[in-house]
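Student:
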Amino acid sequence: MLDGDERMERYARHIVLPEIGGVGQVRLAACHVVVVGAGGIGSPAIQYLAAAGVGRMTIVDSDVVDVSNLQRQTIFTPGDTGAGKAERAADWVRRFDPAIAVTARDMRIDADNAGAILAGADLVLDGCDNFATRLAVSDACVATGVPLSSAAIGRFQGQIANFAGHLEDQPCYRCYVGDAFDADDCDTCAEQGVLGAFAGMAGCFGAMHGLRVLLNGVPNGGSALSDPQFGRLHLLDGLGPGLRTIRIAPDPQCRACGGG
Numbered sequence: 418m419l420d421g422d423e424r425m426e427r428y429a430r431h432i433v434l435p436e437i438g439g440v441g442q443v444r445l446a447a448c449h450v451v452v453v454g455a456g457g458i459g460s461p462a463i464q465y466l467a468a469a470g471v472g473r474m475t476i477v478d479s480d481v482v483d484v485s486n487l488q489r490q491t492i493f494t495p496g497d498t499g500a501g502k503a504e505r506a507a508d509w510v511r512r513f514d515p516a517i518a519v520t521a522r523d524m525r526i527d528a529d530n531a532g533a534i535l536a537g538a539d540l541v542l543d544g545c546d547n548f549a550t551r552l553a554v555s556d557a558c559v560a561t562g563v564p565l566s567s568a569a570i571g572r573f574q575g576q577i578a579n580f581a582g583h584l585e586d587q588p589c590y591r592c593y594v595g596d597a598f599d600a601d602d603c604d605t606c607a608e609q610g611v612l613g614a615f616a617g618m619a620g621c622f623g624a625m626h627g628l629r630v631l632l633n634g635v636p637n638g639g640s641a642l643s644d645p646q647f648g649r650l651h652l653l654d655g656l657g658p659g660l661r662t663i664r665i666a667p668d669p670q671c672r673a674c675g676g677g
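Residue 677 is where the sequence shown ends in this note's numbering, and the numbering goes up by one at each step.
1) Looking at the unbroken alpha helix (DSSP H) that takes in isoleucine 534, where does it start and where does it end?
2) So aspartate 523 and serine 460 are supposed to be a Cβ contact under 8 Å. How far apart are they, rounded?
3) Among Gly441, Glu585, Tyr593 and Leu584, which one has its Cα closest to the Cα of alanine 578?
4) Using the C-alpha atoms, what's the distance from cysteine 448 back to phenylalanine 513?
5) To the nearest whole angstrom, what separates the beta carbons of isoleucine 476 and valine 519, a pair I think is in contact under 8 Å?
6) Who pairs with histidine 449 in a beta bridge, going by DSSP?
7) Compare the C-alpha of alanine 503 against each of Ala533, Asp529 and Val452 and name the closest.
8) Starting from aspartate 556, trace the beta strand (DSSP E) both ways and give me its first and last residue.
9) For tyrosine 465 versus alanine 624, is the C-beta spacing smaller than 8 Å?
10) Which complete alpha helix (DSSP H) runs does the region 574–600 hold, if anything under 4 residues is left out?
11) Taking buried to mean at least 16 other C-beta atoms within 10 Å of its own C-beta, is serine 485 buried or exposed?
12) Taking only the alpha-carbon atoms, compute the straight-line gap between arginine 684 and aspartate 586 and give it to the nearest angstrom.
13) Does the region 629–645 touch the region 423–441, meaning 3 or more C-beta pairs lie closer than 8 Å?
14) Could you have a look at isoleucine 432 and say whether DSSP puts it in helix, strand or coil?
15) Our contact map puts alanine 581 next to phenylalanine 647 with C-beta atoms below 8 Å; I'd like the distance itself, whole angstroms only.
16) Please tell me whether, using a cut-off of 7 Å, the distance from the CB of aspartate 644 to the nearest non-hydrogen atom of the ligand GDP is below it.
17) Locate the alpha helix (DSSP H) running through alanine 624, then write down its first and last residues.
18) Per DSSP, what are the beta-bridge partners of isoleucine 517 in this structure?
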């Protein structure tokens, strides 16, 4: 809710936007977002979702803060080194806005626990660093009917997309990558390197894309902001820079969504 002058003032620049308005801000305050991964993508995404006024957040990460994280994981400071990322990120949210109900889950999501962690959320934003977790999250989103915002980077290429495989004729993340990556076998930042600012670009893009989903259906004169853009993959070139978009078709043989 937006009770009190302080809350109204805090979101005044949102409320004057016809694409959001008071109705949209109230919607955001009622939403629950699960963020998977509090790393280079998750850090700015958490910060901007909190700044947008999302009312409830769950942050899931099993890792601890390392000094090498600090060049891109902007939610942490040197004093957080050695501490669990999920709890430290939740502490940041609590300091930033005590009105947000935030829960830290110091654990790794897998096929066995994903459904219980994600059930009841309005959105899952996945910024984790391996395919096995991404596919487990995607499959659980399909099973529980929760939209998924996926953001990933590899060196200077970013990939951001919203998925709704639980809806008819919509692809899920597994439709995009297939079944070959369920094993935890992807390259890591330590091996490939990563530019902090580019991770921040992808994380902010992911937060913006997540807000599209949360604002879907808010009366705003048909604004493009409330178009969730399900099934459209945005390819971000950090070197050019540049952006292009492709459509992902539902896979009729997908073992998670059966083609939407």
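Quick reminder that beta carbons are idealized off the backbone N, C-alpha and C, glycines included.
Tutor: Well, looking at it:
1) Unbroken alpha helix (DSSP H) run through isoleucine 534: 531–535.
2) About 16 Å; that fails the 8 Å criterion.
3) Tyr593
4) Distance between the alpha carbons of phenylalanine 513 and cysteine 448 is about 18 Å.
5) That pair is a contact at about 7 Å.
6) Arg473
7) Val452
8) It is not in any beta strand (DSSP E) - aspartate 556 instead sits in the alpha helix (DSSP H) that spans 548–561.
9) yes
10) 590–594
11) exposed
12) Only positions 418 to 677 of the chain appear in this structure, which leaves residue 684 out of reach.
13) yes
14) helix
15) 4 Å
16) Annotation note on the ligand GDP: not contained in the displayed structure, which lists no ligands.
17) 613–631
18) For isoleucine 517, which the question treats as bridged, DSSP gives no partner whatsoever.
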